[in-house]
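This report refers to the structure that appears directly beneath it.
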Amino acid sequence: MKNAVFALILLCILSSPALAHHSFAMYDQTKTLTLTGKLTRFVLGANHAQLLFELLGPDGKPQLDANGKPVVWGVETGSAKQLAGAGITVETFPYGTIFTVSLWQLRDGRNFGAMTLTGGRLIGCGTTFPEGGCNEKTGKVYLNGGDAQVNDARRLGR
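Here our numbering = 1-based position in the sequence shown + 16.
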């Protein structure tokens, strides 16, 4: 009996980092931002992928900071497997791809966020800014409503 109790306590202690890893507490989930940008880096990780991009205005021009440099943002998405299931690979999203994404920004205000789990959207528009902006009418909707992450969570029983 002592071994069973010890094993249960040990399991609880060891599983807590896994739960912390999937926390969205660092993101402001009360406010969804929809941003359009030009991809500068696509980082595929085992647990999550990150898209780094230069922020574009409604006219397709880069948004500049006070020093005249492009404003850079990053967004964390699902895993490489989830993205591949939605048709997103480094080949379909090469450097320079213009896309629109819905995200929750970090609470501390830095230019980084997580793709929203519900209502999140990722739309790819090629490498030329489309007239009318990058949206579901001018681009390809790869993820809508956080499909990959929501479906994965349902599959895992969360």
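C-beta: ideal position from N, C-alpha, C; glycine also. Note that the coordinates shown come from a computational prediction; the quantities given were computed from them, not determined experimentally.
Which residues mark the beginning and the end of the beta strand (DSSP E) in which Gln121 is found?
114–122
Coil, strand or helix - Lys156 by DSSP:
strand
Coil, strand or helix - Lys47 by DSSP:
strand
Span of the beta strand (DSSP E) around Gln66:
65–71
Residue interval of the alpha helix (DSSP H) (run including Ala100)
96–101
I need the boundaries of the beta strand (DSSP E) containing Arg137, first residue and last residue.
137–140
Euclidean distance between Cα positions of Phe69 and Thr132
17 Å
Which residue's Cα is closest to the Cα of Val157: Phe115, Asn127, Leu122, Thr144?
Phe115
If you draw a straight line from the alpha carbon of Asp163 to that of Glu147, how long is it in whole angstroms?
Low confidence applies here, because Asp163 scores a pLDDT of 45, under 50, leaving its location unreliable; read the following figure in that light. Those two C-alpha atoms are separated by around 27 Å.
Could you give the DSSP three-state label for Met131: helix, strand or coil?
strand
Is the distance from the Cβ of Ala96 to the Cβ of Ala130 below 8 Å?
no
Can you tell me whether Phe40 is buried or exposed, with buried defined as 16 or more other CB within 10 angstroms of its CB?
exposed
State the Cα-Cα distance for the pair Gly73 and Thr113, rounded to the nearest angstrom.
15 Å
Between which two residues does the beta strand (DSSP E) carrying Val88 extend?
88–92
Cβ of Tyr111 within 8 Å of Cβ of Leu55?
yes
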